[in-house]
Amino acid sequence: AAAGATATVHSDENDCQTHPPQQQPTPLSAPFHPDSKLRFNCTLEAPTAATQRLNEPTLTYLNKGQLYGMILHDRELRDTDITTTIRIAFHEDQHRKSAATYWNFWLNQQPSPRSARAIELDKAGSVGIKSAESKSFDRITLQWNGMRGAKIMLRFHCLSTDFSRIKGVKGIPLRIHVDTREGGSSTLEACFTRIKLFRDKGAERKNKDDQRHIEKQLEKLRAKSQSHGGSAEAATLSVYAPISLVTYFVEYTFSDNSSDNDDEPLNIDDIFEASDNPMSSTLSPLRSPSLKRSSVSDSGGIDSDSQERVGIDPTYIPVPRKRRAIICLFIRYPNEKVYRAMYLEQLTLTDFVKKLAERLELQITPESNVEVVRKTKRGLTVKVDDSVIAQLEEEQDMEVDCTFSQESGALIISLHY
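Note that the sequence shown covers residues 1191 to 1607 in the working numbering.
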């Protein structure tokens, strides 16, 4: 009987091996907003910001280097390959127009610029990915099955404040932008969420600070409402959206502005070609090869065909924009006891001498014979050029004195630091 029982067990096991049970694949559960009209829904496993306002795109605070889960979900559950590109981008139009400039600056601050990644996929912790690639530092592209869905794990390696030398700035608004299409279809669906990236658990601290700030506002309004019988508290509460435990991506609608259609990967070789050029500053903007310049006729005017092509108004006189400083230096000038701040708009020797001349009221022209040297604490005299200026640290302090050489007739500017 025992032998018969054993034989029966073996027979059942063989049957199971020969005829495995047929199971339908179950898609990953993915919450999506009930008002969403998107077919491909993206959900980031991170709470929305306390200061998230109603009728504005979602806003989420994240920590640099921390792993975050993102769920990709096809509401039609089609058993087909889906291609998704996830990239980190600048949210505001004015910053997207200068994206190459900002990324140029960020890359040059990294220990290994050519291998640096602003966004990274953790393949080991991800589920449902068929293939993945990262050809550009700011994006990843992956394939997944619409019926099964996917959950990916992401890290972000930049801060919102990484794109400027100026300390104390709020940082540039960023977003996670997602483009998705089915198989080889040309139909593209896009969605995004706004983000702010902090360091060392800064996202949690920022949310707590914001919540305390809102609560203080409400306490003041409650006291005012009790004394005046108003409804200011309800009005304030109606401004902010309730905190969501996850972040739902919202639909992105493409516009005709070229800065909105920034889905082409940035060419890193072009970025480094510009930054390696000693005649250009570290933050020199890159000229896009797609921009068309109006041609000039032999008579010196703008060709009429060019006006029609790019929509030039011949009566328009452009107003020069005020340039923003990229570094602050502390300078002690001759016969002064205190240091004064000097701001450079370009990390070049030309801009450095120009700002010094303005402060010292020196009449310096491009033809002037000017030499700039550094006197080190070890007694060395070093000739200053663009590369020396480019290496100056934020809030570098130095003393400046000027002398005229009787032999060469040059104005010698000496920097002591």
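The C-beta atom is built at its ideal place from N, Cα and C for all residues, glycine as well.
Computed from a prediction, not measured in an experiment: that's the story for all the values here.
*What residue range is occupied by the uninterrupted beta strand (DSSP E) comprising N1298?*
Along the sequence shown, one-based indexing puts residue 1298 at 108. Not the beta strand (DSSP E): N1298 falls in the alpha helix (DSSP H), residues 1289-1298.
_Neighbourhood of F1162 by C-beta distance below 8 angstroms, restricted to the same chain and skipping five residues each side_ = Residue 1162 falls outside the range modelled here, since the chain spans only 1191 to 1607, and no answer is possible.
*Mind reading off the beta-carbon distance from K1396 to F1388? Whole number of angstroms is fine, and I expect it under 8 angstroms.*
In the sequence shown, residue 1396 corresponds to position 206, counting from 1. In the sequence shown, residue 1388 corresponds to position 198, counting from 1. Sure, about 6 angstroms apart at Cβ, within 8 angstroms.
*Start-to-end residues for the beta strand (DSSP E) that takes in A1236*: Locating residue 1236 in the sequence shown gives position 46, where the first residue counts as 1. Looking at the DSSP string, A1236 is not in any beta strand (DSSP E), and its letter there is neither H nor E.
*Is the Cβ of K1227 closer than 8 angstroms to any Cβ of chain D?*
Going by chain labels, chain D is absent from the structure shown, which holds only one protein chain.
*Decide if D1352 is buried, meaning its Cβ has at least 16 other Cβ atoms within 10 Å, or exposed.*
Position 162 of the sequence shown holds residue 1352. Per the 10 Å Cβ criterion, buried.
_Candidates G1374, K1406, E1585: closest to Q1333 by CA position_ = Residue 1333 sits at position 143 when you count from the first residue of the sequence shown. Minimum Cα distance to Q1333 is reached at G1374.
*The alpha helix (DSSP H) with F1542 in it runs from where to where?*
Sequence index remark: in the sequence shown, residue 1542 carries index 352 (1-based). Run containing F1542: 1539-1550, per the alpha helix (DSSP H) assignment.
*Nearest neighbour of R1530, chosen from E1589, L1349, S1415 [CA to CA]*: In the sequence shown, the residue the question calls residue 1530 occupies position 340. Per the C-alpha coordinates, the member of E1589, L1349, S1415 positioned closest to R1530 is E1589.
*To the nearest angstrom, how far is it from the Cα of Q1407 to the Cα of T1555?*
Position 217 of the sequence shown, counted from the first residue, corresponds to residue 1407. Position 365 of the sequence shown, counted from the first residue, corresponds to residue 1555. Annotation: Q1407 to T1555 spans about 56 angstroms, alpha carbon to alpha carbon.
*Hey, L1252 and A1393: beta-carbon distance below 8 angstroms or not?*
In the sequence shown, the residue the question calls residue 1252 occupies position 62. In the sequence shown, the residue the question calls residue 1393 occupies position 203. Result yes, Cβ atoms of L1252 and A1393 sit closer than 8 angstroms.
_Using a 10 Å radius around the Cβ and a threshold of 16 neighbouring Cβ atoms, would you call S1598 buried or exposed?_
Counting from one through the sequence shown, the residue named residue 1598 turns up at place 408. Answer is exposed; the Cβ neighbour count stays below 16.
*Can you tell me whether DSSP reads G1259 as helix, strand or coil?*
Taking the sequence shown and counting its residues from 1, one reaches residue 1259 at position 69. In this structure, G1259 counts as strand in the three-state DSSP scheme.
*Measure how close the beta-carbons of D1400 and T1238 come, nearest whole angstrom, since I'm counting them as under 8 angstroms.*
By one-based count along the sequence shown, residue 1400 stands at place 210. By one-based count along the sequence shown, residue 1238 stands at place 48. Between D1400 and T1238, the beta carbon gap of about 11 angstroms keeps them out of contact (Cβ cut-off 8 angstroms).
*Taking the alpha-carbon positions, what's the S1494 to N1559 distance?*
Counted from its first residue, the sequence shown places residue 1494 at position 304. Counted from its first residue, the sequence shown places residue 1559 at position 369. At S1494, the pLDDT of 41 sits below 50, so the modelled position is not reliable; the number obtained from the coordinates is stated separately. Each residue's CA atom was taken as its position, placing S1494 and N1559 some 44 angstroms apart.
_As a quick exercise: from I1309, Y1607, S1595, G1259, pick the residue whose alpha carbon is nearest that of F1346._
Taking the sequence shown and counting its residues from 1, one reaches residue 1346 at position 156. Residue I1309 is the option with its Cα nearest to F1346.
_Anticipated Cβ contact below 8 angstroms, I1602 with C1592, distance rounded_ = Translated into positions along the sequence shown, residue 1602 becomes position 412. Translated into positions along the sequence shown, residue 1592 becomes position 402. Their Cβ separation, rounded to whole angstroms, is 7 angstroms, which keeps I1602 and C1592 in contact under 8 angstroms.
*asked:* Rounded to whole angstroms, what is the Cα-Cα separation between R1329 and R1549?
replied: Within the sequence shown, residue 1329 is the residue found at index 139, counting from 1. Within the sequence shown, residue 1549 is the residue found at index 359, counting from 1. The alpha-carbon separation between R1329 and R1549 amounts to approximately 45 angstroms.
*In this structure, does DSSP put N1253 in helix, strand or coil?*
The residue given as residue 1253 occupies position 63 in the sequence shown. Correct three-state label for N1253: strand.
_Close beta carbons around L1582, own chain, < 7 angstroms, minus the five adjacent residues each side_ = Translated into the one-based positions of the sequence shown, residue 1582 becomes position 392. Answer for L1582: I1517, L1519, listed in chain order.
*asked:* Please return the same chain residues whose Cβ sits closer than 7 angstroms to the Cβ of R1307, not counting the five positions on each side in sequence.
replied: The residue labelled residue 1307 in the question sits at position 117 within the sequence shown. So the list reads S1324, F1327, H1347, once near-sequence residues are dropped.
_Excluding the 5 residues flanking G1361 on each side, which residues of the same chain have their C-beta closer than 6 angstroms to its C-beta?_
Here residue 1361 is taken as the residue at index 171 of the sequence shown, counted from 1. Its chain contains S1350, T1351 as the residues whose beta carbon lies nearer than 6 angstroms to that of G1361, once the 5 sequence neighbours on both sides are disregarded; these appear in chain order.
*CB-CB under 7 angstroms to L1539, same chain, minus the five flanking residues each way: which ones, in chain order?*
Here residue 1539 corresponds to residue number 349 of the sequence shown, with the count starting at 1. Here the set comprises V1562, V1574, D1575, D1576, I1579.
*What separation, rounded to the nearest whole angstrom, lies between the Cα atoms of S1474 and L1537?*
The residue you call residue 1474 lines up with position 284 of the sequence shown. The residue you call residue 1537 lines up with position 347 of the sequence shown. Residue placement at S1474 cannot be trusted, given a pLDDT of 38 that sits under 50; the coordinates are not used to answer.
_Counting C-beta neighbours from all protein chains within 10 Å, is the total for H1606 16 or more, i.e. buried, or is it exposed?_
Translated into the one-based positions of the sequence shown, residue 1606 becomes position 416. Per the 10 Å Cβ criterion, exposed.
*Residues near S1244 in its chain [Cβ-Cβ closer than 8 angstroms; skip 5 each side]*: For this step, residue 1244 is matched to residue 54 along the sequence shown. One point to set straight first is that residue 1244 is Leu, not Ser, in the sequence displayed. Contacts found: S1428, V1429, Y1430, A1431.
*Could you tell me the boundaries of the alpha helix (DSSP H) in which A1580 lies?*
Locating residue 1580 in the sequence shown gives position 390, where the first residue counts as 1. Element bounds for A1580: 1576-1580.
_Those residues which DSSP pairs with Y1533 across a bridge_ = Here residue 1533 refers to the residue found at position 343 of the sequence shown. Answer is C1518.
*Roughly how many angstroms separate the alpha carbons of I1404 and G1255, rounded to a whole number?*
The residue labelled residue 1404 in the question sits at position 214 within the sequence shown. The residue labelled residue 1255 in the question sits at position 65 within the sequence shown. Each residue's Cα considered, the two are about 28 angstroms apart.
*asked:* Checking 8 angstroms against the spacing of the C-beta atoms, do L1378 and M1260 come in under that value?
replied: In the sequence shown, counting from the first residue as 1, residue 1378 sits at position 188. In the sequence shown, counting from the first residue as 1, residue 1260 sits at position 70. It is not a contact, given that the beta carbons lie outside the stated cut-off.
*asked:* Using 8 angstroms for Cβ pairs, my map puts T1370 next to I1521. What's the rounded Cβ distance?
replied: The residue labelled residue 1370 in the question sits at position 180 within the sequence shown. The residue labelled residue 1521 in the question sits at position 331 within the sequence shown. That belief does not hold up - the Cβ atoms of T1370 and I1521 are roughly 53 angstroms apart, past 8 angstroms.
*Candidates L1364, N1335, R1514: which alpha carbon is nearest R1277's?*
Indexing the sequence shown from 1 puts residue 1277 at position 87. Nearest C-alpha to R1277: L1364.
*With a floor of 3 residues, list each beta strand (DSSP E) that falls wholly inside the segment 1349-1389, ordered by position along the chain.*
Complete beta strand (DSSP E) runs here, min 3: 1364-1372, 1379-1388.
*Exposure label - I1433; buried when at least 16 CB within 10 Å*: One-based indexing of the sequence shown puts residue 1433 at position 243. Exposed: under 16 other Cβ atoms inside 10 Å.
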